[in-house]
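Q:
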Amino acid sequence: MANQFTFSGFSNNTFPFAFQHHARLHSQNDTTAIITLFDNGSDGERNFQNSSVGMKIAVDFDKMTCTLLQSYVLPNVLTTSQGSVQVLGNSNVFVGWGANPYISEFSSEGELLMQGQFGAVGVASSYRAFKAEWVGTPDSTPALWSYADSTSSATIFWVSWNGATEVQSWRFFGGPSEGTTSIELGSVQKSGFETNFTASAYVAWGEKDICSEFEYDGAKFTGHTESNNRTHSSQQLKMTRQVPRNVLVIIGAGGIGMAVARRLGSGRNLLLGGRSQAHLDKALAVLRGEGYTVEGCKVDVSDTEAVQKLAKLAEGMGTGQLDGIVHTAGIPPVSATAKQIIDINLLGTAHIIDTFYPLASIGTSLVCISSMAGYFSPLSPELERHLALTPTDQLLQHKDIDTVLQDANEAYFLAKRGNHLRVQAAAQSWGSKGARINTVSPGLILTRMGTAELQGPSGAWIESMVGHSGARRAGTPDEIASVVAFLIGTESSYITGSDILVDGGTIASQRWNVARPDEEKQVYSEKNGTSNGGVKI
Numbered sequence: 001m002a003n004q005f006t007f008s009g010f011s012n013n014t015f016p017f018a019f020q021h022h023a024r025l026h027s028q029n030d031t032t033a034i035i036t037l038f039d040n041g042s043d044g045e046r047n048f049q050n051s052s053v054g055m056k057i058a059v060d061f062d063k064m065t066c067t068l069l070q071s072y073v074l075p076n077v078l079t080t081s082q083g084s085v086q087v088l089g090n091s092n093v094f095v096g097w098g099a100n101p102y103i104s105e106f107s108s109e110g111e112l113l114m115q116g117q118f119g120a121v122g123v124a125s126s127y128r129a130f131k132a133e134w135v136g137t138p139d140s141t142p143a144l145w146s147y148a149d150s151t152s153s154a155t156i157f158w159v160s161w162n163g164a165t166e167v168q169s170w171r172f173f174g175g176p177s178e179g180t181t182s183i184e185l186g187s188v189q190k191s192g193f194e195t196n197f198t199a200s201a202y203v204a205w206g207e208k209d210i211c212s213e214f215e216y217d218g219a220k221f222t223g224h225t226e227s228n229n230r231t232h233s234s235q236q237l238k239m240t241r242q243v244p245r246n247v248l249v250i251i252g253a254g255g256i257g258m259a260v261a262r263r264l265g266s267g268r269n270l271l272l273g274g275r276s277q278a279h280l281d282k283a284l285a286v287l288r289g290e291g292y293t294v295e296g297c298k299v300d301v302s303d304t305e306a307v308q309k310l311a312k313l314a315e316g317m318g319t320g321q322l323d324g325i326v327h328t329a330g331i332p333p334v335s336a337t338a339k340q341i342i343d344i345n346l347l348g349t350a351h352i353i354d355t356f357y358p359l360a361s362i363g364t365s366l367v368c369i370s371s372m373a374g375y376f377s378p379l380s381p382e383l384e385r386h387l388a389l390t391p392t393d394q395l396l397q398h399k400d401i402d403t404v405l406q407d408a409n410e411a412y413f414l415a416k417r418g419n420h421l422r423v424q425a426a427a428q429s430w431g432s433k434g435a436r437i438n439t440v441s442p443g444l445i446l447t448r449m450g451t452a453e454l455q456g457p458s459g460a461w462i463e464s465m466v467g468h469s470g471a472r473r474a475g476t477p478d479e480i481a482s483v484v485a486f487l488i489g490t491e492s493s494y495i496t497g498s499d500i501l502v503d504g505g506t507i508a509s510q511r512w513n514v515a516r517p518d519e520e521k522q523v524y525s526e527k528n529g530t531s532n533g534g535v536k537i
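In my numbering, the protein residues as written are 1 to 537.
#1: Could you give the C-beta distance for Leu-322 and Ala-360, rounded to a whole number, given that I count them as a contact under 8 Å?
#2: Below 8 Å, how does it come out for the region 453-468 and the region 388-397: are there three or more Cβ pairs, yes or no?
#3: Compute the Euclidean distance between the alpha carbons of His-329 and Ala-253, then round it to the nearest angstrom.
#4: With three or more beta-carbon pairs closer than 8 Å as the criterion, would you say the region 327-343 touches the region 392-410?
#5: Among Val-307, Ser-377, Pro-333, whose alpha-carbon lies nearest the alpha-carbon of Met-353?
#6: Would Ala-261 and Leu-287 be called neighbours here (beta carbons separated by less than 8 Å)?
#7: In the structure shown, what three-state DSSP assignment does Asp-503 receive?
#8: What first and last residue would you give for the alpha helix (DSSP H) that runs through Met-258?
#9: Give every residue of the same chain whose Cβ lies closer than 8 Å to the Cβ of Val-77, excluding the five residues on either side of it in the sequence, and list them in chain order.
#10: Give me the Cα-Cα distance between Asn-246 and Ser-493, rounded to the nearest whole angstrom.
#11: Is it buried or exposed for Val-294, if we count other Cβ within 10 angstroms and need 16 for buried?
#12: Could you check which residue in Thr-32, Pro-75, Gln-455, Ala-278 has the C-alpha nearest to that of Glu-111?
#13: Using the beta-carbon count (16 or more within 10 Å), is Met-449 buried or exposed?
#14: For Val-299, count the other beta carbons within 10 Å of its own beta carbon; 16 or more makes it buried, fewer makes it exposed. Which is it?
#15: Assign Asn-345 to one of three DSSP states: helix, strand, or coil.
#16: Would you grab the beta carbon distance between Ser-187 and Ser-169 for me? Rounded to a whole angstrom, and I think it's under 8 Å.
#17: If I measure Cβ to Cβ from Glu-194 and keep anything under 6 Å in the same chain, skipping five residues before and after, which residues do I get?
#18: Going by C-alpha distance, which of Arg-385, Ser-371, Thr-31 is nearest Thr-439?
#19: How many angstroms separate the CA atom of Gly-434 from the CA atom of Leu-366?
#20: Expressed to the nearest angstrom, what Euclidean distance is found between the alpha-carbon atoms of Ser-380 and Asp-400?
#21: Is the separation between the beta-carbon of Ile-488 and that of Val-502 shorter than 8 Å?
#22: Put Gly-470 into one of helix, strand or coil per three-state DSSP.
#23: Restricting to Cα atoms, I'd like to know which of Pro-138, Val-95, His-26 is closest to Gln-117.
#24: When every heavy atom of the ligand COA is checked, does at least one fall within less than 7 Å of the C-beta of Asn-92?
#25: Might you give, ordered along the chain, the residues of its own chain that have their beta carbon closer than 6 Å to the beta carbon of Ile-325, omitting 5 neighbours on each side?
#26: Ignoring anything shorter than 3 residues or poking outside the region 29-96, list the beta strand (DSSP E) runs there in chain order.
#27: Hey, out of Asp-60, Arg-46, Ser-81, Asn-40, whose CA is closest to Tyr-72's CA?
#28: What is the residue span of the beta strand (DSSP E) that Lys-298 lies within?
#29: Just to confirm the assignment, what range does the alpha helix (DSSP H) spanning Ala-425 have?
#30: List the whole-angstrom C-beta distance separating Lys-131 from Val-167, where the pair is believed to meet the contact cut-off of C-beta under 8 Å.
#31: Buried or exposed: Ser-91, going by 16 or more other Cβ atoms within 10 Å of its Cβ?
#32: Measure from the alpha carbon of Trp-134 to the alpha carbon of each residue in Gly-163, Arg-473, Arg-263, Ala-148, then state which is nearest.
#33: Using only CA atoms, which one of Gly-174, Phe-48, Ile-437 lies nearest to Phe-364?
#34: Along the chain, where does the beta strand (DSSP E) containing Leu-272 start, and where does it finish?
#35: Put Asp-281 into one of helix, strand or coil per three-state DSSP.
#36: Which residue comes first and which comes last in the alpha helix (DSSP H) that contains Thr-304?
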């Protein structure tokens, strides 16, 4: 059926929009309807516009006209799939650019107010994007911890409510025993994730006990406190003693390290290690501002003494056991020499395994972040045995390691494969102490390191490889942190000496030759000097 409407105000009134998405009706009366839609203007082969456009359109049923009321444009951004337009409560318009990883907010008149990018072009995308106020009202009760060095010391309270967005302040109460009337000790404005309050003194029950409370919105929550011990609260219940705060060591203050800290840091004493003091200080400030208990230590993992200093600091933290060590530190080929890669990525991992082994006990879990690059370059059985079993002080004494020092990419492949082998070989000795050790091998993750690789000489090939993977996208730091959390926790108690490949199916597609035509693989092999059609990471 032919179109019966007349269009006006569009840049192309013959083809006003094409391959559009997310058409929505906003108002309607007897004669007119107001709609919005995202005009892609292209399907990747046929282009009807130079830029995709968010549109607000008036449809007059009596006159059979469609009039463009307002357009929302990012110049020269042509989106060939997906996209969305959302009218906000203040009449601003929020646009998601679909296959292009952009979000924008415009005034109702079309003025660009905000623009953001959440990933690499060609890698990240969003079918639709929305903006809304988020209010958290968790079903759980708030958590209360209290601590005093002795009965002559003031009691300190820590309170948090994971997920609650509407808390403005906390009131604290104390009394001589659980059943007696409590008095208000003071109040404090909420500060970050976890708020602390120091009472004027230790309020004794018998010799060393206090029943403490805090109040939010008229409801009181209680917790039982003993000197030199912290306890968790539950609404209207006295709590028993709990395990002191355990220690988690995270080496590497980049995107994955920070995601792990946020995922696992609550209720633990964190020790964060980093090679750059400036970057480490910034990470510590962020985590402390979010309420985490964290200390820092500058560490170069290629330096044995520096790693030993880190381990000694971990040993002296808190009164609980060492829950885990998460080794995320590493450098990519695009920003390092082959020698630096071998020293940090290979030798550094061996230092971490050796140095933290004496601290391991029942329940300790070491997770080393490797890479899917460890699957790219097959090694000889003799070299694999050397990487797995040779004492660390002799680890670099091998002719094949001398050879890869001429090529940063080959050094990276070898180092990451060496991580897998070293961890496998260490599993038995760690198991003798009731501890576990594993690796996680991410694919392309959109951290600073991943972005640098995308912008480097192999960037186009990395994008192609990711585009042909099963997931067809890059990963996020939090997706790696979720796997690390599983390996640190008790749910993975039967997993040790293993590698978990978290690459969106990239290695699977490369292995079974479904990623690219033979001629494209051949061009890549000739260009990069590889014989296996692999993509350099």
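For each residue, glycine too, the CB sits at the ideal point set by N, CA and C.
A: In short, the structure shows the following:
#1: 7 Å
#2: no
#3: It should be noted that the sequence gives Ala, not His, for residue 329. Roughly 8 Å separates the two Cα atoms.
#4: yes
#5: Sequence check: residue 353 is Ile here, not Met. Of the listed residues, the one whose Cα sits closest to Ile-353 is Val-307.
#6: yes
#7: coil
#8: 255-264
#9: Ser-51, Ser-52, Trp-97, Asn-100, Tyr-102
#10: 18 Å
#11: buried
#12: Pro-75
#13: buried
#14: buried
#15: helix
#16: 6 Å
#17: Trp-158, Ser-160, Gly-291
#18: Ser-371
#19: 12 Å
#20: 10 Å
#21: no
#22: coil
#23: Val-95
#24: With respect to the ligand COA, the structure shown offers nothing to examine, as it has no ligands at all.
#25: Val-249, Phe-356, Leu-366
#26: 32-39, 53-60, 65-73, 84-87, 93-96
#27: Asn-40
#28: 293-298
#29: 408-431
#30: That belief does not hold up - the Cβ atoms of Lys-131 and Val-167 are roughly 23 Å apart, past 8 Å.
#31: exposed
#32: Gly-163
#33: Before going on, a small fix: residue 364 reads as Thr here, not Phe. Of Gly-174, Phe-48, Ile-437, the residue nearest in Cα terms is Ile-437.
#34: 269-274
#35: helix
#36: 304-315
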